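One structure is given below, encoded as structure tokens.
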Amino acid sequence: MPLTLHVDGDRWRTHLRDTLDAFGPGLVPVAKGNGYGFGLASLARRCDWLGVDTVAVGTYAEAPQLLSRFDGDVLVMEPWRPFLSTVSYDARVVHTVSRVDDLRALGARPGTRVVVEALTSMARHGMDRHELAAAAAAVRTGRLQLQGLALHLPLLGEREPEAERWAAVLAASQLDTSSVWVSHLSAAQVRRLTAERPELTLRPRVGTDLWLGDRGALRVTATVLDRHPVSRGQRVGYRQRAITRAGHVLVVSGGTSQGIGLEAPSGAAGVRRRATALAKGGLDAAGHALSPFRVGGRQRWFVEPPHMQVSLLFVPGAEPAPAVGAEIDVDVRFTTTTFDRVVLS
Ligand SMILES: *Cc1c(COP(=O)(O)O)cnc(C)c1O
16 MPLTLHVDGD
26 RWRTHLRDTL
36 DAFGPGLVPV
46 AKGNGYGFGL
56 ASLARRCDWL
66 GVDTVAVGTY
76 AEAPQLLSRF
86 DGDVLVMEPW
96 RPFLSTVSYD
106 ARVVHTVSRV
116 DDLRALGARP
126 GTRVVVEALT
136 SMARHGMDRH
146 ELAAAAAAVR
156 TGRLQLQGLA
166 LHLPLLGERE
176 PEAERWAAVL
186 AASQLDTSSV
196 WVSHLSAAQV
206 RRLTAERPEL
216 TLRPRVGTDL
226 WLGDRGALRV
236 TATVLDRHPV
246 SRGQRVGYRQ
256 RAITRAGHVL
266 VVSGGTSQGI
276 GLEAPSGAAG
286 VRRRATALAK
296 GGLDAAGHAL
306 SPFRVGGRQR
316 WFVEPPHMQV
326 SLLFVPGAEP
336 APAVGAEIDV
346 DVRFTTTTFD
356 RVVLS
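Sequential numbering from 16 applies to the sequence shown in our numbering.
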């Protein structure tokens with residue numbers, strides 16, 4: 016019985032079109048991981064429909080799913096390494112290269128299309144600006160097809176000035192390209208940077224703001240699979256915990272195998288955000304955890320940690336508990352949830 020992602024098709028497609036219009040034709044949709052909840056195959060077809068020329072995947076392992084359903088180029092964001100066994104050398108693949116030695120090694124395959132990744136304040140992958148001269152030489156010697164400079168910018172912090180600094184570094188470098196592939200700039204920032212440096216072609220890589228940017232177009236529901244009246248003190252579940260007051264136990268679809276109850280570590284910074292996180296995944300005095308499932312508009316407590324394919328919830332007192340077969344709302348993190356069904360209206 017399904018955990019379902021309901022998509023208001025018209026509204027979602029309108030948002031996708033609006034996002035493309037805002038960023039311009041340089042937009043590179045990102046389709047990686049669980050496909051932001053939609054699945055990679057669905058996003059691949061959607062990229063075709065949007066008419067973009069390139070899509071970005073997270074890893075080489077994901078690339079075949081895009082190559083088989085999308086006609087354009089596929090940028091692989093995980094940097095090429097000599098030891099990776101999953102690398103695809105399809106002519107439509109653009110490789111991200113983050114070390115000078117890797118550029119030299121790729122010289123064994125002249126004509127390979129590459130973007131050179133710069134080491135931003137993220138400190139993830141990339142070459143610092145002093146290495147770009149050696150990178151330019153390796154590109155020339157290896158007769159690689161340079162498709163641009165790639166920047167991965169942090170979610171917080173001064174992204175626009177950092178992008179500007181790298182644009183200046185690129186202009187002063189011997190890298191023979193005017194394309195900059197960039198993450199986490201807004202459409203307004205992309206427009207400003209383009210106006211400042213009209214010689215540049217910006218290729219913003221956008222995932223979350225594209226696919227999940229209009230939350231109102233998306234609704235997640237679980238199905239009530241069973242409902243049991245319980246009395247105070249009654250022991251239930253794998254752990255045989257005592258129920259603290261009379262009410263109902265609901266058995267609903269969605270458990271750990273779908274990612275329910277397994278929040279990715281949230282980046283909660285301030286006290287208030289930490290407090291919210293605690294309230295969302297937190298424990299009460301008896302050690303119960305608040306679930307992401309809603310009944311009657313309110314988040315409900317788990318009876319015990321979620322099982323593989325179902326969760327047990329508690330609805331206290333004489334409150335009307337939804338009937339078997341009813342659909343209830345769930346708040347999920349889309350990038351960590353595997354839906355059983357995606358229903359596009
Ligand atoms: C995931 C990712 C993106 C897109 O991130 P969103 O926050 O989903 O837009 C862009 N660039 C890189 C390198 C990424 O890994």
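Yeah, the Cβ is synthetic: ideal placement off N, Cα and C, and Gly gets one too. Keep in mind that this is a model prediction, so the values were computed, not measured.
- Out of 267, 119, 205, the CA that lies nearest to the CA of residue 176 is found in 205.
- The three-state reading of DSSP puts residue 354 in coil, since its state is none of H, G, I, E or B.
- The beta carbons of residue 321 and residue 352 sit no closer together than 8 Å.
- If only complete runs of 3 or more residues are kept, the stretch 190–243 shows the beta strand (DSSP E) at 194–198, 216–221, in order along the chain.
- Taking the Cβ of residue 330 as the reference point, every heavy atom of ligand 1 lies at 7 Å or farther away.
- By alpha-carbon distance to residue 98, the top candidate from 219, 260, 120 is 120.
- Distances between the C-beta of residue 230 and the heavy atoms of ligand 1 are all 7 Å or more.
- Inter-residue distance for residue 26 and residue 54 is about 19 Å (C-alpha atoms, whole angstroms).
- Counting the other CB atoms within 10 Å of its CB gives residue 162 a total of 16 or more, which places it among the buried residues.
- For residue 31, the uninterrupted alpha helix (DSSP H) run begins and ends at 24–38, by DSSP.
- The three-state reading of DSSP puts residue 173 in coil, since its state is none of H, G, I, E or B.
- Counting C-beta atoms within 10 angstroms of its own C-beta, residue 40 has fewer than 16 neighbours from the protein chains shown and is therefore classed as exposed.
- Rounded to the nearest whole angstrom, the C-alpha separation of residue 261 and residue 17 is 28 Å.
- In this structure, the C-beta of residue 351 stays at least 7 Å away from each heavy atom of ligand 1.
- Between the alpha carbons of residue 34 and residue 242 lies a distance of about 43 Å.
- The beta carbon of residue 199 sits closer than 7 Å to at least one heavy atom of ligand 1.
- Here DSSP, grouped into helix, strand and coil, assigns residue 268 to strand.
- Partner residues in the beta bridge of residue 326, as assigned by DSSP, are 267.
- With respect to residue 153, residue 122 sits close: the two C-beta atoms are nearer than 8 Å.
- By the Cβ test, the stretch 196–213 is not in contact with the stretch 230–245, since fewer than three Cβ pairs between them sit closer than 8 Å.
- It is roughly 6 Å from the alpha-carbon of residue 359 to the alpha-carbon of residue 23.
- DSSP places residue 111 inside the beta strand (DSSP E), whose first and last residues are 108–112.
- Nearest C-alpha to residue 255 among 103, 105, 318: 318.
- By the criterion of a C-beta distance shorter than 8 Å, residue 342 is surrounded in its chain by 19, 236, 237, 238, 239, once the five residues flanking it on both sides are discounted.
- According to the DSSP assignment, residue 94 belongs to the beta strand (DSSP E) that extends over 88–94.
- Looking at the DSSP output, residue 69 bridges to 88.
- Contact between residue 89 and residue 74 does not hold, since their C-beta atoms are separated by about 11 Å, which reaches or exceeds 8 Å.
- In this structure, residue 110 has its CB at a distance of at least 7 Å from all heavy atoms of ligand 1.
- Exclusion of the five residues before and after residue 349 leaves 51, 52, 227 as the residues of its chain whose Cβ lies within less than 7 Å of its Cβ.
- In this chain, the beta strand (DSSP E) harbouring residue 315 covers 313–317.
- For residue 64, the number of other beta carbons within 10 angstroms of its own is below 16, and it is reported as exposed.
- Under DSSP, residue 342 takes part in a beta bridge, and its partners are 238.
- For residue 79, there is no enclosing beta strand (DSSP E); the enclosing alpha helix (DSSP H) has its first and last residue at 78–82.
- Contact check for residue 87 against residue 67 passes: the beta carbons are separated by less than 8 Å.
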